[in-house]
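Numbering (full-length UniProt numbering), first residue to last: 1 to 762. Here a beta-carbon is modelled for each residue, glycine too, at the ideal position from N, C-alpha and C. Step one of this worksheet: look at the structure below.
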Amino acid sequence: MHNFSVFSNLTTIGGRSLYNRGFSLLIMKNLNITSLGLRSLREISAGRIYISANRQLCYHHSLNWTRLLRGPAEERLDIKHNRPRRDCVAEGKVCDRLCSSGGCWGPGPGQCLSCRNYSRGGVCVTHCNFLNGEPREFAHEAECFSCHPECRPMEGAATCNGSGSDACAQCAHFRDGPHCVNSCPSGVLGAKGPIYKYPDAQNECRPCHENCTQGCKGPELQDCLGQTLALISKTHLAVGLTVVVGLAVIFLILGGTFLYWRGRRIQNKRAMRRYLERGESIEPLDPSEKANKVLARIFKETELRKLKVLGSGVFGTVHKGVWIPEGESIKIPVCIKVIEDKSGRQSFQDVTDHMLAIGSLDHAHIVRLLGLCPGSSLQLVTQYLPLGSLLDHVRQHRGALGPQLLLNWGVQIAKGMYYLEEHGMVHRNLAARNVLLKSPSQVQVADFGVADLLPPDDKQLLHSEAKTPIKWMALESIHFGKYTHQSDVWSYGVTVWELMTFGAEPYAGLRLAEVPDLLEKGERLAQPQICTIDVYMVMVKCWMIDENIRPTFKELANEFTRMARDPPRYLVIKRDSGPGISPGAEPPALTNKELEEVELEPELELDLDLEAEEDGLATTLGSALSLPVGTLNRPRGSQSLLSPSSGYMPMNQGNLGETCQESAVCGSGERCPRPASLHPVPRGRLASESSEGHVMTGSEAELQEKVSMCRSRSRSPRPRGDSAYHSQRHSLLTPVTPLSPPGLEEEDVNGYVMPDAHLKGA
């Protein structure tokens, strides 16, 4: 035996019968005793204590014997010749950390004389189950006690403050007065007879009507349960049969309805897929006619139903509606654009070749024309896209848009416009408002070819209206009404600018009449905050005065595809750390297959041998592109008005001569100006434009003269021809920086190594 645990329930030694010389507790010469184990002993009323010659005994050193003895303790204690304290401590035979300073009878939290925190069933614990744990508890004099079983466990609050059913914060079942009960009393004998109660909506037990003798289900007399057993049995049987039959009928109806609804849904899906995806010719072709794959239909007025107006523009009014195919019961949501002849002299009764051409277009990134409805007004029917326009989307979700998504949209818009270019379709009205979302990650170009459906008089009228999108139009379109694929490139640049500014208005605060003069002075839209100079330079190249040196849509698609491989390098979006912004919706990067779809063809790839023979125009352009915003200067009277805060950036401030103070190696060793700003902006006028009817200003001549002084060698002129598709085009697609000496990698102004640096080094 190693302890006296057989006496673990002993609480008091009275000392009424003392041993030998007055000992009430005598423990001596026990060679195997390691602890006393009297865990419940709390008082020694009388007699002396003698504990001696126990060579293995520990833990007795920690006991506060004065708390056990009644009266003076000095003459009553005789504890000696037991195991030394230091040996006990060395072997770890010390009190548990949950014991108080009163000591312990042995090892573990169950042998403490008193606890440091709380105790439960005689065992010391750190805390009681006040707010969590099972069962919930309350504490009385540092002892944990369980709440009543009828108390409902509370989260974050005390469940009870006593052990009775009347001490609960809330009841688990019902409350009868102050007490929590398992059920309301029914037939319990009271002072005035049996008591019947029923539970109300709050599970409070309420008394039945005084005339109820068999219980009730409510407070009124008609709620009493007074039927005979036979009647109750029959009633229960009838109710049971009614319920079973009713449930069976309900299940049959629901099952039949579900099967019918599912069949109709599958049928409608198949019909919608058939009508939306199947291309049908309008009528058989004559042998002399040219084959044309027509995907659009000719609708009847009765097949279309307009529901509400979505908006109106310069070309007509857009309605949300439904298409009910003849002989079908399905309703296909569509978008109906109504185009009217404002002169009133022409109707749209005949189907023209241009209408058929629009109907033959089908691409993933253009809104396909489902059909058209000729008549006094022409109705163009497209699939309804509920996500709306890209402009509204970027304005509403600017906090959740990331670089990858913005660049992907740029690629998709360029792909759609390239498809239109391949099919000879000029858009004329490209803007973010005319780009729709098919899904959050896929956009489609809309409203293409609409202007060509109008008669010439209407086109002239529209060109003079206030709704004409001057801020998106190229200069040749504004001045001469000339619309080409390259004028669409200008509009593409403004559309990308809208994306990068999350839906800002171009040239905000300016009247439409001021925009052409502003563009002729060389001003362009300011660099968006999220764009690096690489992305901004692509926009600037779209806004060149000479339409022949603007990039093509295929080159733009390639350029944005290249940037989409590494979005954070080209777009830097700073997020707020607030709880309202959750950017988790960023789609994955483009796959290799998608990236290869718009890769440059071999004849459009960089020709390093031709780069050394670019004409003087390209050299002047390249030098101008390398100049910072603050290096060009031309006096303007409205400079205070034309500030970057108005939505555009001045391109002709500063003095070119001042830039030569800081030089860099240029060409064959001459020193040429290095840009002092990270925002190089090209001039809006070039020397070559003088041959096309433009007049070069004195500032521009001075600019060309000073730039040409930095050229290391002259370049042989070459005919422009198809320059928009060859070397000049490539010079627009690559950032223009001073040439590096041989052996050094070429870096752009942002510190990145240029993609073709290893080619030029070779």
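{"Query": "First and last residue of the beta strand (DSSP E) that includes Gln-529?", "Result": "Where Gln-529 is concerned, there is no enclosing beta strand (DSSP E), given that its DSSP letter is neither H nor E."}
{"Query": "CA-CA distance, Val-538 and Lys-337?", "Result": "33 Å"}
{"Query": "Counting along the chain, where does the alpha helix (DSSP H) carrying Glu-559 start and finish?", "Result": "553 to 564"}
{"Query": "First and last residue of the alpha helix (DSSP H) that includes Met-1?", "Result": "Here Met-1 belongs to no alpha helix (DSSP H), and DSSP marks it neither H nor E."}
{"Query": "For Thr-12, I'd like the list of residues in its chain whose CB is within less than 6 Å of its CB, leaving aside the five on either flank, ordered along the chain.", "Result": "Glu-43"}
{"Query": "At the level of alpha carbons, what is the spacing between Met-272 and Phe-553?", "Result": "33 Å"}
{"Query": "Would you mind working out which of Arg-97, Asp-517 and Ser-24 sits nearest Arg-70, comparing C-alpha positions?", "Result": "Ser-24"}
{"Query": "Specify the secondary structure class of Cys-147 as computed by DSSP and reduced to three states.", "Result": "coil"}
{"Query": "Can you tell me whether Lys-574 is helix, strand or coil according to DSSP?", "Result": "coil"}
{"Query": "Counting along the chain, where does the beta strand (DSSP E) carrying Phe-174 start and finish?", "Result": "174 to 176"}
{"Query": "Please go through the same chain and pick out, in chain order, the residues whose beta-carbon is closer than 7 Å to the beta-carbon of Asn-182, but skip the five residues on each side of it.", "Result": "Glu-150 and His-173"}
{"Query": "Within this structure, are the beta carbons of Gly-416 and Val-445 separated by less than 8 Å?", "Result": "yes"}
{"Query": "Report the start-end ranges of each beta strand (DSSP E) in the stretch 302 to 326 that is 3 residues or longer and not cut off at the edges.", "Result": "304 to 312 and 317 to 323"}
{"Query": "In chain order, what residues of the same chain lie with their CB nearer than 6 Å to the CB of Arg-720, ignoring the 5 residues before and after it?", "Result": "Any reading at Arg-720 must be qualified, since the residue scores a pLDDT of 34, below 50, and its modelled position is unreliable; no value is offered."}
{"Query": "By how many angstroms is the C-alpha of Pro-72 removed from the C-alpha of Ile-51?", "Result": "18 Å"}
{"Query": "Suppose the cutoff is 7 Å on Cβ atoms and the five residues either side in sequence are ignored; what does the same chain contact list for Cys-377 look like?", "Result": "In the sequence under discussion, the amino acid at residue 377 is Ser, which differs from the Cys named in the question. If we look at Ser-377 and ignore the five residues flanking it on each side, its Cβ neighbours are Val-338, Ile-339, Glu-340 and Phe-348."}
{"Query": "Please classify Pro-469: is it buried, with 16 or more other beta-carbons within 10 angstroms of its beta-carbon, or exposed?", "Result": "buried"}
{"Query": "Can you check which of these residues, Asn-129, Gly-503, Asp-517 and Pro-516, is closest to His-397 by C-alpha distance?", "Result": "Gly-503"}
{"Query": "Taking the Cβ atom as the reference point for each residue, do Ala-248 and Leu-370 lie within a distance shorter than 8 Å?", "Result": "no"}
{"Query": "At 4 residues or longer, and completely inside the stretch 117 to 168: list those alpha helix (DSSP H) runs for me, N to C.", "Result": "none"}
{"Query": "When we look at the beta-carbon of Ser-312 and count the other beta-carbons within 10 Å, is it buried (16 or more) or exposed?", "Result": "exposed"}
{"Query": "I want to know whether the stretch 482 to 502 touches the stretch 544 to 552 - three or more CB-CB distances under 8 Å.", "Result": "yes"}
{"Query": "Would you list, in sequence order, the uninterrupted beta strand (DSSP E) runs of no fewer than 3 residues that lie entirely inside the stretch 33 to 61?", "Result": "48 to 52"}
{"Query": "Alpha carbons only, please: which of Leu-356, Leu-387 and Cys-373 is nearest the one belonging to Val-381?", "Result": "Cys-373"}
{"Query": "Residues in the same chain with beta-carbon distance under 7 Å from Asn-268, minus the five sequence neighbours each way, listed in chain order, please.", "Result": "Ile-330"}
{"Query": "Measure from the C-beta of Ala-172 to each C-beta in chain D and report whether the shortest distance is under 8 Å.", "Result": "Absent here is chain D; the protein component of the structure consists of one chain."}
{"Query": "Check Val-489 in the structure and name its three-state DSSP category.", "Result": "helix"}
{"Query": "Count the other C-beta atoms from every protein chain shown that fall within 10 angstroms of the C-beta of Arg-433, then say buried if there are 16 or more, exposed otherwise.", "Result": "buried"}
{"Query": "On the three-state DSSP scale, how would you describe Asp-447?", "Result": "coil"}
{"Query": "Am I right that Leu-113 and Leu-63 are in contact with their C-beta atoms under 8 Å? What's the rounded C-beta distance?", "Result": "6 Å"}
{"Query": "Using the DSSP secondary-structure output, state which residues sit across from Gln-379 in a beta bridge.", "Result": "Val-338 and Cys-373"}
{"Query": "List the residues that DSSP assigns as beta-bridge partners of Phe-23.", "Result": "Tyr-19 and Arg-48"}
{"Query": "What is the C-beta distance between Leu-307 and Gln-379, in whole angstroms, given that I count them as a contact (C-beta under 8 Å)?", "Result": "Not a contact, Cβ separation roughly 14 Å."}
{"Query": "Report the three-state DSSP secondary structure of Gly-103 (helix, strand or coil).", "Result": "coil"}
{"Query": "With distances taken from CA atoms, which of Arg-569, Gly-47, Lys-471 and Gln-214 is nearest Leu-26?", "Result": "Gly-47"}
{"Query": "Of the choices Ile-49, Val-89 and Val-309, whose alpha-carbon is the least far from that of Glu-75?", "Result": "Ile-49"}
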